[in-house]
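Below is one structure; the comments refer to it alone.
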Amino acid sequence: MGPISNRFIVSLAVSDLIIGIEGYPLFTLYVLNGDRWPLGWIACETWLFLDYTLCLVSILTVLLITVDRYLSVCHTASYIKWQSPTKAQITIICSWLIPAFIFGFMIYGWSLVSDTTSGLVNDECAAPFLTNPYINMGMYLVYYWTTLIAMLILYKGIHKVTKKLEKKAEARNQRQLALLLSQRLGTQVGLKLMLSQSYNADNDIAGENVHIAEDDDYHTFTTNATFNMLTNI
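Structure (structure tokens):
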């Protein structure tokens with residue numbers, strides 16, 4: 001399947017797909033029927049169970065994706081050692097079973113702690129626990145705010161680590177650039193020194209030739225040599 005993190009993305013895609021298949025069509029039917037459920041109490045409770053369960057599965061999966069990214073960025077060595085396809089699969093299964101257990105009890109077993117026996121009352125299909133304000137407040141806090149705060153903290157940690165890595169990479173690039181420039185400058189200086197030495201050597205040779213040409217002994221030697229050559233001829 002590729003990277004282990006892709007398993008969480010597949011789980012999220014499956015949960016959202018099921019919500020789109022079963023949730024919106026039935027909800028549209030419910031609204032178009034004047035908020036009156038036409039399919040009976042079994043279909044009503046099944047729809048509520050799937051809807052609430054899959055929504056929580058999606059939220060937990062997004063949280064797991066965030067945790068996976070945090071561990072892979074902030075604790076890379078431990079993450080590589082700990083993470084495995086089997087552990088990821090177990091985590092995904094738990095993210096499905098826990099919501100199913102919670103809302104299975106709160107919808108199908110709510111009659112054990114309340115007088116309400118069905119989610120369908122007066123043809124209105126609604127979760128029976130919504131009449132309890134404490135349950136509503138607890139779900140609001142756990143369902144939304146706890147997950148949101150946890151994700152913000154994790155992404156804050158990811159942001160800090162990525163900033164540090166970015167600064168280290170920038171410093172390393174600057175050192176490499178400085179080394180490259182120094183090598184290039186050294187090459188240019190060496191070449192200039194070689195050219196300068198060659199130029200000075202040529203000037204020294206030319207100077208010696210001029211000095212010899214200006215010497216009186218050189219003129220005398222040249223004259224005698226010329227006279228001897230003419231005499232021999």
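Numbering of the sequence shown is given in full-length UniProt numbering, commencing with residue 1 and proceeding in unit increments.
Every residue, glycine too, gets a C-beta built ideally from N, C-alpha and C.
What you are looking at is a predicted structure, and each value in this text was computed from that prediction instead of being measured.
What does the alpha-carbon distance come out to for the pair Ser78 and Leu71?
Per the coordinates, the alpha-carbon of Ser78 lies some 8 Å from the alpha-carbon of Leu71.
Sorted by chain position, which residues of the same chain lie with C-beta nearer than 7 Å to Thr61's C-beta, five sequence neighbours on each side aside?
For Thr61, where only same-chain residues beyond five positions count, the Cβ hits under 7 Å are Phe8, Ser11, Leu12, Ser15, Ser95.
When DSSP labels each residue in this structure, what does Gln83 get in the three-state scheme?
For Gln83, the secondary structure class from DSSP, reduced to helix, strand or coil, is coil.
If contacts are defined as beta-carbon pairs under 8 Å, then Met151 and Leu63 qualify, I think. What distance do you get, rounded to the angstrom?
With 8 Å as the limit, Met151 and Leu63 qualify as a contact, their Cβ atoms being about 6 Å apart.
According to the neighbour-count rule (16 or more other Cβ atoms, all chains shown, within 10 Å of its Cβ), is Ile212 buried or exposed?
Residue confidence for Ile212 is low, a pLDDT of 48 falling below 50, so the modelled location carries little weight and cannot support an answer.
Quick check on the DSSP output: the alpha helix (DSSP H) that includes Tyr143 runs from which residue to which?
Tyr143 -> no alpha helix (DSSP H), and no H or E assigned at all.
Start-to-end residues for the alpha helix (DSSP H) that takes in Ser11:
The continuous alpha helix (DSSP H) containing Ser11 extends over residues 5 to 18.
In three-state terms, what does DSSP make of Val113?
DSSP places Val113 in coil when its eight states are reduced to three.
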